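Asker: For the sequence shown, my numbering begins at -12 and goes up steadily by one. C-beta: ideal position from N, C-alpha, C; glycine also. Note that this is a predicted model, so its numbers are computed, not measured.
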Amino acid sequence: MNRKTSLQLISTLSDANGPSGFEDEVIALGRKTAKDFAAVSEDSLRNLYLSRRENTGTRPMVMLDAHADEVGFMIRTILPNGTMKFMPLGGWSSYTVPASKVRVRALDGSWISGVVASRPVHYMSAAERGKSPEIADMVIDIGATSAEEAVSFGMAVGAPVVPDVSFEYNEKNGVMLGKAFDCRVGCSALCDVLRELSGEELAVDVTGVFTSQEEVGDRGVQVAAQTVHPDLAIVFEGAPADDTFLPEAEIQTGMGRGAMLRHIDVGMITNPRLMRYTLDLAHENGIPVQEAVRTGGRTNGAQINLTGQGVPTVVISVPVRYAHTHHGFSSISDYENVVRLAVQLVRSLDEEVISTF
Ligand SMILES: [Zn+2]
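#1: Tell me whether the beta-carbon of residue 321 lies closer than 7 Å to the beta-carbon of residue 281.
#2: Got a sec: does ligand 3 put a non-hydrogen atom nearer than 6 Å to the Cβ of residue 170?
#3: By the DSSP assignment, the beta strand (DSSP E) with residue 76 in it spans what residues?
#4: Output the boundary residues of the alpha helix (DSSP H) element that contains residue 173.
#5: For the beta strand (DSSP E) that residue 16 lies in, which residues bound it at each end?
#6: Among residues of its own chain, excluding the 5 on either side of residue -1, which ones have a beta-carbon nearer than 7 Å to its beta-carbon?
#7: The beta strand (DSSP E) spanning residue 64 covers which residue range?
#8: Any heavy atom of ligand 1 inside 6 Å of the beta-carbon of residue 224?
#9: Between residue 7 and residue 50, what straight-line distance do the alpha-carbon atoms span, to the nearest angstrom?
#10: Tell me, to the nearest whole angstrom, how far the beta carbon of residue 294 is from that of residue 224; I am working on the premise that it is less than 8 Å.
#11: Assign residue 262 to one of three DSSP states: helix, strand, or coil.
#12: Quick one, are the C-beta atoms of residue 150 and residue 242 less than 7 Å apart?
#13: Nearest-angstrom Cα distance between residue 186 and residue 1?
#14: According to DSSP, is residue 36 part of a helix, a strand, or is it coil?
#15: Secondary structure at residue 86, three-state DSSP: helix, strand or coil?
#16: Would you mind giving the Cβ-Cβ distance between residue 180 and residue 248, rounded to the nearest angstrom? I have them listed as a contact below 8 Å.
#17: Name the one or two DSSP bridge partners that residue -4 has.
#18: Are residue 71 and residue 127 touching if we call contact CB-CB under 7 Å?
#19: If the criterion is Cβ atoms closer than 7 Å, does the pair residue 325 and residue 246 meet it?
#20: Within 10 angstroms of its Cβ, does residue 166 collect 16 or more other Cβ (buried), or is it exposed?
#21: Taking the alpha carbon of residue 323 as the reference point, which residue from 266, 189, 254 and 176 has its own alpha carbon closest?
#22: Nearest to residue 133 by CA position, among 319, 215 and 65, is which residue?
#23: Does the structure place the segment -12 to -3 close enough to the segment 39 to 49 that three or more beta carbon pairs sit under 8 Å?
#24: Identify the residues that DSSP records as bridge partners of residue 53: which are they?
#25: Within 10 angstroms of the Cβ of residue 54, are there 16 or more other Cβ atoms? Answer buried if so, exposed if not.
#26: Taking residue 12 as the reference, which of 98, 52 and 333 has the closest Cα?
#27: Please report the straight-line C-alpha distance between residue 100 and residue 88, rounded to a whole angstrom.
#28: Below 6 Å CB to CB, which residues in the same chain sit around residue 337 once its five sequence neighbours on both sides are set aside?
#29: Opposite residue 157 in the DSSP bridges: which residues?
#30: I'd like to know whether the C-beta atoms of residue 344 and residue 182 end up nearer to each other than 7 Å.
#31: Determine the direct distance from the alpha carbon of residue 156 to that of residue 162, and round the result to whole angstroms.
#32: For a quick check, are the C-beta atoms of residue 96 and residue 56 less than 7 Å apart?
#33: Looking at the structure shown, is residue 293 part of a helix, part of a strand, or coil, going by DSSP?
#34: Per the DSSP calculation, residue 300 is bridged to which residue(s)?
#35: Out of curiosity, what's the CA-to-CA distance linking residue 62 and residue 284?
#36: Tell me the rounded alpha-carbon separation between residue 215 and residue 194.
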């Protein structure tokens, strides 16, 4: 694994515009990256399948999953003053949305800069200053002064919107800053795992999937899991970090503390035998891991583990500070540990091992 190559991929994936249902740019990057080491195909939900060229079709199938979409918004109404009402795509907290810069897709496919408008403080009562508006009451302003002008810029009902953020990397501490690390760090990890294993003799087949529409309810993965028919799955995630607001003893997803594995979340109890096996493997290989017991959150694993006869599924995450807001921080060392662990896990699998889960 080459850190420079990984950072380059994470950077382009993070900057790509891909809210739920509009994953096209992310898919295009996946195609371009994986064409050297995988057979590439796509379905009409915009799930991108990256199958190892060495797959035989006769061995257990290991599915690697990472969702391509990011939380964003969609334009609902263009108002006479040129601003636009919008709705969330995925889970946003309303107090993180105002006064942020966004990109809105115009009808010609270009992306136009806008801001989530907020009433100037000079026009607020004391009571208004203290409270955060609902997303339904907010508007996006692209600088137009009438609905006609907004339409002339290619604005239309149904246009997707993403945060306008550019990737940055701090070499001094190996920390990345950007948008959509949930789950573009996962998409990148999936590619790096396939790249690492490329040309290697394995006892399993491996297909990676960039899945669509996770943030609106695990939708793309339902089709992907039926298509791949996995015998075991590894889900990559950018998981919300907890280390800036919890006391030390309760931190389970800290930035720079290693790959995060969850025993449980709202959608899945991780197969305890696969969980133990993966943790032991990490310890044997000196790969730092964190164990989380999550009372919130869910991943695509919730769907995959309930397909077929039941699929042992483990979720390996890179902690992301401030997931589901415009800006996140993640550590490149956590990312590399996620890739290392997944590579070791795939290498260790065969039909017999999988049958013990
Ligand atoms: Zn995610």
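Answerer: So, from the data block:
#1: no
#2: In the structure shown, ligand 3 is absent; the only ligands present are ligand 1.
#3: Here the beta strand (DSSP E) through residue 76 covers 71 to 76.
#4: Per DSSP, residue 173 belongs to the alpha helix (DSSP H) from 168 to 184.
#5: No beta strand (DSSP E) holds residue 16; the alpha helix (DSSP H) holding it covers 11 to 21.
#6: 16
#7: 59 to 65
#8: Yes, the beta carbon of residue 224 sits closer than 6 Å to at least one heavy atom of ligand 1.
#9: 21 Å
#10: With a Cβ gap of about 18 Å, residue 294 and residue 224 do not count as contacting.
#11: helix
#12: no
#13: 28 Å
#14: strand
#15: coil
#16: Incorrect: roughly 16 Å between the Cβ atoms, too far for contact.
#17: DSSP, once it has assigned bridges, lists no residue as partnering residue -4.
#18: Contact: yes.
#19: yes
#20: buried
#21: 176
#22: 65
#23: no
#24: Its beta-bridge partners are 197.
#25: buried
#26: Taking residue 12 as reference, the option from 98, 52 and 333 with the minimal CA-CA separation is 98.
#27: Each residue's CA atom was taken as its position, placing residue 100 and residue 88 some 7 Å apart.
#28: 190
#29: 162
#30: no
#31: Cα-Cα distance, rounded: 6 Å.
#32: no
#33: coil
#34: 220
#35: 26 Å
#36: 7 Å
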